[in-house]
Each structure stands twice: as C-alpha cells, then as structure tokens.
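Peer 1: Please find one structure pasted underneath; my questions will follow.
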Amino acid sequence: MSLEDYLPTFAVEAVYDLKPESLRKHGISAVLVDLDNTLIAWNNPDGTPELREWLDDMTEADIPVVVVSNNKHERVKRAVEPFHVDFISRAMKPFTRGINQAIERYGFDREEVVMVGDQLMTDIRACHRAGIRSILVKPLVTSDAWNTKFNRARERRVMKKIAQKYGPLKYQKEI
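According to the numbering used here, the sequence shown is numbered sequentially starting from 634.
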C-alpha cells in the first residue's frame, strides 16, 4: 500500500460547496458522487433542499452528476429517484467497476471526470485505480452504518500517516 493511493486530488468541506465555475476552471465536466454521507446522510435517505439546489446548479451548468454507490440497487434508487439523478449501484469501490461503468455508459473523458466521496479507503482509492481525479469531503454526519465503521478505523490510521508525510489535509470551500 502506497500512501499516495489514498491522497485525494482536492479536499472540500461538502459536495454542496462545489460550484460549476470552479469545476470548469479545473477542466471538469462530469461529477461522479458517492451516496451515503457524501450526497445524503446515510440515515436520512430523503436528502435536503441544499442537495436539490446543488443538483439544479449542476443541471443548469450542463455538468452531469452520476451517483456511484456500493449500496444495493433498491437503496440507491429510492434515495436518488426524487432528484432525477442517474446512478450505478453495487459499485464495488475500492475497485473500479462502478466508476468505469459510469464513464463507459456516458462516454465521459477520464481527464474531465472527478469523483466526490467521504472515504479514503473506498472512494479515493477507487479514483486512483481508475485514473481519475478525486475530491474528499467531510462526512455529512458523524455516525456511520455498521459496515463503514471498520473502514473508518483504517482511514484514521492512514490519515495520520498522510498528515505526518504531507501535513494535515486542509478542507477548502472550493477546489
């Protein structure tokens, strides 16, 4: 394991802080986004007005957003259907299956895609493997589903090593 495999390209407070102008400035024209604790709180599948507004901003700017989640189809569909967002379920992050599926389905250029997620061990690692840029966000809620707790413990150790080698990650309001 190389520490660089877990180093995000950018670190931003929340997905809602991403603005179309700054994405474009970095040559990004499509956003893949994790679901739980990135787009919505894992324990509140209904999303927020803030989410609706962010998705509307992306739509108006003609920047497609595709959810790439390890969750099962029914769970992801229920969460994103009201927002009319397409998705890939059972993405198998940290493997590249879901990311590659989204890129192939839409014909995205890897150079112009970014993946946003709240976990180094799954989201950021998958981006490195898939050869795309990544944005780490802070989890929307501090509690996690039972299956995420294990990753968080590993993540804390990796974060510590990253901080020792590169300094602590600084979460920005923009990329």
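Ideal Cβ positions, reconstructed from N, Cα and C, are used throughout, including at glycine.
Could you pull out every unbroken alpha helix (DSSP H) segment of at least 4 residues lying fully inside the segment 728-800, listed in chain order?
Peer 2: Unbroken alpha helix (DSSP H) runs of no fewer than 4 residues, entirely contained in the segment 728-800, are found at 730-739, 758-763 and 779-799, following chain order.
Peer 1: Quick one: what's got a C-beta closer than 8 angstroms to Ser655's C-beta in the same chain, skipping five residues either side?
Peer 2: Along the sequence shown, read from residue 1 onward, the residue named residue 655 stands at position 22. Excluding sequence neighbours, Ser655 sits near Glu807 and Ile808.
Peer 1: What residue ranges within the segment 684-722 form continuous alpha helix (DSSP H) runs of no fewer than 4 residues, ordered along the chain?
Peer 2: 706-713
Peer 1: Using three-state DSSP, classify Ser667 as helix, strand or coil.
Peer 2: Taking the sequence shown and counting its residues from 1, the one referred to as residue 667 is at position 34. As written in the sequence, residue 667 is Asp, which differs from the Ser given in the question. Coil, per DSSP.
Peer 1: Is it a yes or a no for the segment 684-693 touching the segment 738-747, going by three-plus beta-carbon pairs under 8 angstroms?
Peer 2: no
Peer 1: In whole angstroms, what separates the C-alpha of Asp638 from that of Ala759?
Peer 2: Mapped onto the sequence shown, residue 638 falls at position 5. Mapped onto the sequence shown, residue 759 falls at position 126. Spanning the two alpha carbons is a distance of roughly 9 angstroms.
Peer 1: May I ask you to list the residues that DSSP assigns as paired with Val645?
Peer 2: Here residue 645 refers to the residue found at position 12 of the sequence shown. According to DSSP, which records beta bridges pairwise, Val645 is partnered with Val770 and Gln805.
Peer 1: Run through the DSSP bridge pairs and tell me what Ile673 is partnered with.
Peer 2: Position 40 of the sequence shown, counting from 1, holds the residue named residue 673. Looking at the DSSP assignment, Ile673 forms a beta bridge with Asp669.
Peer 1: Within this structure, are the beta carbons of Val700 and Val713 separated by less than 7 angstroms?
Peer 2: Mapped onto the sequence shown, residue 700 falls at position 67. Mapped onto the sequence shown, residue 713 falls at position 80. Yes. Within cutoff.
Peer 1: Starting from Pro658 and walking both ways along the alpha helix (DSSP H), at which residues does that stretch end?
Peer 2: For this step, residue 658 is matched to residue 25 along the sequence shown. Residue 658 is actually Lys in this sequence, not Pro. Start and end: Pro653 to Lys658.
Peer 1: Grouping DSSP H, G and I as helix and E and B as strand, with all else coil, what is Asp638?
Peer 2: Within the sequence shown, residue 638 is the residue found at index 5, counting from 1. Helix, per DSSP.
Peer 1: So which of Ser767, Pro772, Lys794 and Glu788 has the shortest CA-CA distance to Phe643?
Peer 2: Position 10 of the sequence shown, counting from 1, holds the residue named residue 643. Here the closest residue by C-alpha is Ser767.
Peer 1: Taking the straight line between their C-alpha atoms, what separation do you get for Ile673 and Tyr799?
Peer 2: Here residue 673 corresponds to residue number 40 of the sequence shown, with the count starting at 1. Here residue 799 corresponds to residue number 166 of the sequence shown, with the count starting at 1. Each residue's alpha carbon lies about 30 angstroms from the other.
Peer 1: For the structure I just gave you, are there three or more beta carbon pairs, one from the segment 744-753 and one from the segment 661-669, closer than 8 angstroms?
Peer 2: Three or more pairs of CB atoms, one per stretch, sit closer than 8 angstroms, so the segment 744-753 contacts the segment 661-669.
Peer 1: So, helix, strand or coil for Asp679, using DSSP?
Peer 2: By 1-based counting over the sequence shown, the position of residue 679 is 46. If DSSP states are grouped into helix, strand and coil, Asp679 belongs with coil.
Peer 1: Are the beta-carbon atoms belonging to Val645 and Val770 less than 7 angstroms from one another?
Peer 2: Working through the sequence shown from its first residue, we reach residue 645 at position 12. Working through the sequence shown from its first residue, we reach residue 770 at position 137. It is a contact, given that the beta carbons lie within the stated cut-off.
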